[in-house]
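Its first residue numbered 1, the sequence shown is counted upward by one per residue in full-length UniProt numbering.
Just so it is clear, CB atoms sit at the ideal spot from N, CA and C, and this is done for glycine as well.
Note that the coordinates shown come from a computational prediction; the quantities given were computed from them, not determined experimentally.
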Amino acid sequence: MYSKLMLELIKKEGEFMLEKRYVARNEYLDFLKRHQDKHIIKVVSGVRRSGKSTLFLLFRKYLRENGVAPEQIITINFEDMANESLRDPHTLYQYLMKHLVQNKMTYIFLDEIQHVSEFEKVVDSLFIKDNVDLYITGSNAYFLSGEIATLLTGRYVQINMLPLSFKEFVEWHKQNDLFTNETDIFN
């Protein structure tokens, strides 16, 4: 049922999740939960390293904990060389159509979508499917240029993700035992 590559990616993601602890970014996670299964494209924009990919990771974990089967979740990070062939819009579309689960919602996460030429054609084609719940991320430079608004008018909701606040930064360091005492916070 799964392709060998897909199984490897699922295993790799699971191992990665076990190694890290994350700061709860509930405002952003709640945004995705509020729009889950709604016929609208969910867009998460933000500067590099602000946590967009981690947000997707946490939301996929939430989906699995709430009964969504792994085969109903498709994740592609376009910054990963392993996915370079999927940067072609036709190849990407064919890949996604092949992996949709019939008669069930398929959750598709396309990370750093701006690396796909003419991605809006793929997104439009997915948008018209009844059994697709679509989530995309991209860099601020691209998504704040106004081009996304033109390409996806009326079909998307967007949240701009900011880097960790100082409070979240300290919380993350404490969770990961990176501070031995309070003076470490300021040194």
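Counterpart residues of residue i in DSSP-defined beta bridges
i      : result
Thr75  : Phe109
Met97  : According to DSSP, Met97 bridges with nothing at all.
Asn160 : Ser45
Asp133 : Tyr107
Ser50  : According to DSSP, Ser50 bridges with nothing at all.
Gly154 : DSSP lists no partner for Gly154.
Gly138 : Ser45
Beta-carbon gap between residue i and residue j smaller than 7 Å
i      : j      : result
Ile108 : Ile74  : yes
Lys52  : Thr106 : no
Val122 : Leu92  : yes
Glu120 : Val23  : no
Tyr41  : Leu134 : First, the residue type needs correcting, since residue 41 is Ile and not Tyr in the sequence shown. In this structure, Leu134 lies closer than 7 Å to Ile41 by Cβ.
Glu112 : Phe56  : no
Ser50  : Pro163 : yes
Val157 : His35  : yes
Separation of residue j from residue i, as counted between CA atoms
i           : j      : result
Leu29       : Tyr95  : 27 Å
Glu15       : Arg25  : Unreliable positioning characterises Glu15 in this predicted model, as indicated by a pLDDT of 44, which lies under 50. The coordinate reading is nonetheless provided below. Computed Cα separation, rounded: 21 Å.
residue 274 : Phe127 : Residue 274 lies beyond the stretch modelled for the chain, which goes from 1 to 187, so this question has no answer here.
Leu18       : Pro70  : For Leu18, the pLDDT reaches just 42, beneath the cut-off of 50, and the residue's location in the model is therefore unreliable, although a value from the coordinates is still provided. Each residue's Cα considered, the two are about 17 Å apart.
Val47       : Gln72  : 29 Å
His90       : His99  : 14 Å
Asp124      : Val116 : 14 Å
Glu84       : Lys104 : 28 Å
Ser139      : Met161 : 10 Å
Asp37       : Tyr62  : 14 Å
Glu65       : Asp88  : 33 Å
Glu118      : Leu110 : 14 Å
Leu58       : Lys174 : 19 Å
Val68       : Val101 : 11 Å
Buried/exposed call for residue i, threshold 16 Cβ in 10 Å
i      : result
Arg60  : buried
Met97  : exposed
Phe166 : exposed
Met81  : exposed
Phe169 : exposed
Lys33  : exposed
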